[in-house]
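All remarks here apply to the structure that follows.
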Amino acid sequence: MTEDSVDDDPLQLKDLAVKYSYLMYKITDHISNLSELTYESVTRKEKLIDQEYFDKQLHLDEQLQEANDMIKECDQIEAAYMKLDQLYLFVEDFKARITHLENVFKEL
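Letter 4 of the sequence shown, counting from 1, is numbered 3 in numbering that gives the first Met the number 0, and no numbers are missing.
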(Lines of atoms letter the chains of each structure in order from A and count residues from 1; the text may use other names and numbers.)
(Lines give C-alpha, C1' and ligand atoms only; values in the text may rest on other atoms or scores of the structure.)
Protein backbone atom coordinates (compact mmCIF):
# COMPACT_ATOMS: atom_id res chain seq x y z
CA MET A 1 0.00 0.00 0.00
CA THR A 2 1.42 3.38 -0.92
CA GLU A 3 1.67 6.23 1.51
CA ASP A 4 -0.79 8.32 -0.55
CA SER A 5 -3.48 5.67 -0.25
CA VAL A 6 -2.83 5.38 3.50
CA ASP A 7 -3.29 9.16 3.81
CA ASP A 8 -6.52 8.97 1.78
CA ASP A 9 -7.94 6.22 3.98
CA PRO A 10 -6.08 6.07 7.33
CA LEU A 11 -8.74 3.88 8.95
CA GLN A 12 -8.84 1.58 5.89
CA LEU A 13 -12.57 2.14 5.54
CA LYS A 14 -12.53 1.27 1.85
CA ASP A 15 -11.03 -2.12 2.63
CA LEU A 16 -13.53 -2.61 5.44
CA ALA A 17 -16.40 -1.68 3.12
CA VAL A 18 -15.24 -4.23 0.54
CA LYS A 19 -14.94 -6.93 3.19
CA TYR A 20 -18.36 -6.03 4.59
CA SER A 21 -19.92 -6.22 1.12
CA TYR A 22 -18.33 -9.61 0.54
CA LEU A 23 -19.54 -10.86 3.94
CA MET A 24 -23.08 -9.70 3.18
CA TYR A 25 -22.89 -11.43 -0.22
CA LYS A 26 -21.77 -14.71 1.39
CA ILE A 27 -24.50 -14.51 4.05
CA THR A 28 -27.13 -13.77 1.42
CA ASP A 29 -25.86 -16.67 -0.70
CA HIS A 30 -25.94 -19.01 2.30
CA ILE A 31 -29.49 -17.93 3.20
CA SER A 32 -30.53 -18.43 -0.41
CA ASN A 33 -29.08 -21.94 -0.44
CA LEU A 34 -30.83 -22.81 2.81
CA SER A 35 -34.08 -21.44 1.45
CA GLU A 36 -33.75 -23.58 -1.67
CA LEU A 37 -33.08 -26.66 0.43
CA THR A 38 -36.11 -25.94 2.58
CA TYR A 39 -38.30 -25.36 -0.46
CA GLU A 40 -37.10 -28.60 -2.04
CA SER A 41 -37.76 -30.51 1.17
CA VAL A 42 -41.27 -29.11 1.48
CA THR A 43 -41.99 -29.78 -2.20
CA ARG A 44 -40.71 -33.33 -1.84
CA LYS A 45 -42.96 -33.86 1.17
CA GLU A 46 -45.93 -32.45 -0.69
CA LYS A 47 -45.34 -34.83 -3.60
CA LEU A 48 -45.08 -37.76 -1.21
CA ILE A 49 -48.41 -36.83 0.31
CA ASP A 50 -50.10 -36.32 -3.07
CA GLN A 51 -48.68 -39.33 -4.93
CA GLU A 52 -47.82 -42.09 -2.50
CA TYR A 53 -49.61 -41.31 0.73
CA PHE A 54 -50.82 -44.78 1.60
CA ASP A 55 -47.63 -46.52 0.52
CA LYS A 56 -45.52 -44.15 2.58
CA GLN A 57 -47.70 -44.74 5.66
CA LEU A 58 -45.74 -47.96 6.10
CA HIS A 59 -42.50 -45.96 6.38
CA LEU A 60 -43.44 -43.54 9.14
CA ASP A 61 -40.02 -43.75 10.80
CA GLU A 62 -38.32 -42.53 7.64
CA GLN A 63 -40.83 -39.72 7.25
CA LEU A 64 -40.36 -38.67 10.84
CA GLN A 65 -36.61 -38.60 10.30
CA GLU A 66 -37.07 -36.43 7.20
CA ALA A 67 -39.33 -34.11 9.17
CA ASN A 68 -36.72 -33.87 11.91
CA ASP A 69 -34.10 -33.09 9.28
CA MET A 70 -36.32 -30.32 7.90
CA ILE A 71 -36.78 -28.91 11.39
CA LYS A 72 -33.00 -28.87 11.80
CA GLU A 73 -32.66 -27.02 8.48
CA CYS A 74 -35.29 -24.51 9.60
CA ASP A 75 -33.43 -24.05 12.88
CA GLN A 76 -30.27 -23.37 10.89
CA ILE A 77 -32.11 -20.78 8.80
CA GLU A 78 -33.47 -19.16 11.94
CA ALA A 79 -29.97 -19.09 13.44
CA ALA A 80 -28.64 -17.50 10.25
CA TYR A 81 -31.31 -14.79 10.45
CA MET A 82 -30.45 -14.18 14.08
CA LYS A 83 -26.80 -13.81 13.07
CA LEU A 84 -27.85 -11.33 10.40
CA ASP A 85 -29.77 -9.34 12.99
CA GLN A 86 -26.72 -9.25 15.23
CA LEU A 87 -24.54 -8.27 12.28
CA TYR A 88 -26.97 -5.47 11.43
CA LEU A 89 -26.74 -4.14 14.98
CA PHE A 90 -22.94 -4.34 14.80
CA VAL A 91 -22.88 -2.51 11.48
CA GLU A 92 -25.21 0.22 12.74
CA ASP A 93 -23.03 0.72 15.81
CA PHE A 94 -19.93 0.72 13.61
CA LYS A 95 -21.47 3.31 11.29
CA ALA A 96 -22.24 5.54 14.26
CA ARG A 97 -18.67 5.25 15.48
CA ILE A 98 -17.26 5.99 12.03
CA THR A 99 -19.53 9.04 11.73
CA HIS A 100 -18.33 10.23 15.11
CA LEU A 101 -14.68 9.74 14.07
CA GLU A 102 -15.29 11.57 10.80
CA ASN A 103 -16.79 14.49 12.71
CA VAL A 104 -13.84 14.55 15.13
CA PHE A 105 -11.37 14.52 12.22
CA LYS A 106 -13.28 17.30 10.47
CA GLU A 107 -13.00 19.44 13.58
CA LEU A 108 -9.23 18.96 13.61
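Every residue gets a Cβ at the ideal spot worked out from N, C-alpha and C, and that includes glycine. Given the structure is predicted, the values throughout are model-derived calculations rather than measurements.
Using a Cβ distance threshold of 8 Å, determine whether the stretch 22 to 37 contacts the stretch 73 to 80, with at least three qualifying pairs required. yes
Short check: CB of C73 to CB of T42, under 8 Å? no
Helix, strand or coil, according to DSSP, for D14 in the structure here? helix
Out of Y87, F93, S20, S40, which has the shortest C-alpha to C-alpha gap to N67? S40
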